[in-house]
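The structure appears right after this line, and notes come after that.
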Amino acid sequence: MDPTGQFNLVPGKRVPTIDVRSAKALLDNSDYGFLDVRSGVEFSRSHVDVPKVMNVPDLVYTAEGWLINHNFVDGVASICKEKDHLILGSQTGEESVHITAELLTSGYKNVLNMDGGYTAWCRNGFPLKQLGRRNPEDEATTSSPVNSDT
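First residue of the sequence shown: 1, per UniProt numbering; consecutive thereafter.
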């Protein structure tokens, strides 16, 4: 965030996108929560360590392999309200651009994409929560595609 309190929006993005340093400042100093859209396997291995972090994967593992999570918006709705302030992140920030757009068109008002995603977070040396490892096959037996540390 710049000194005037404005987001550092990344130019040229079709959805509101902020740089990773602005995302960290918002997550540390406001009511923004972090929505990790990586797979449950990736989230379970390691994710950003902030007070309010959630995981709703944009892909789910099935017997046929990795497929688009057609229940993504419903998964978000089960843990977030449309008025909640959310920062979305994927592995590199590219997939979360599309997911941010999907949430905006679904009625969510206060969603921002984090440019560079999890990779940028790691590159900046920001805190991570390390968890146990899971196999992709574990994902197929998980009853809920939603994970949360809150």
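Virtual Cβ for every residue (Gly too), placed ideally from N, Cα, C. Bear in mind that the values here come from a model prediction, so they are computed numbers and not experimental data.
| Check | Outcome |
| --- | --- |
| Where do the N-terminal and C-terminal ends of the alpha helix (DSSP H) with serine 96 fall, by residue? | 94-105 |
| In whole angstroms, give me the CA-to-CA distance for isoleucine 68 and serine 78. | 18 Å |
| Residue range of the beta strand (DSSP E) that valine 60 falls in? | 59-62 |
| On the DSSP bridge assignment, give the partners of asparagine 55 in chain order. | Asp36 and Asn147 |
| Whole angstroms is fine: what's the gap from lysine 104's alpha carbon to valine 53's? | The residue asked about is misnamed: residue 104 is leucine in this sequence, not lysine. Each residue's Cα considered, the two are about 19 Å apart. |
| Helix, strand or coil for valine 48, going by three-state DSSP, please let me know. | strand |
| How would you write the range of the beta strand (DSSP E) that leucine 86 sits in, first residue to last? | 85-89 |
| Taking all protein chains shown into account, decide if alanine 23 is buried (16 or more other Cβ within 10 angstroms of its Cβ) or exposed. | buried |
| Quick check on the DSSP output: the beta strand (DSSP E) that includes glycine 65 runs from which residue to which? | 65-68 |
| Can you tell me whether arginine 38 is buried or exposed? The criterion is at least 16 other CB atoms within 10 Å of its CB, across all chains shown. | buried |
| How many angstroms separate the CA atom of aspartate 19 from the CA atom of glycine 107? | 23 Å |
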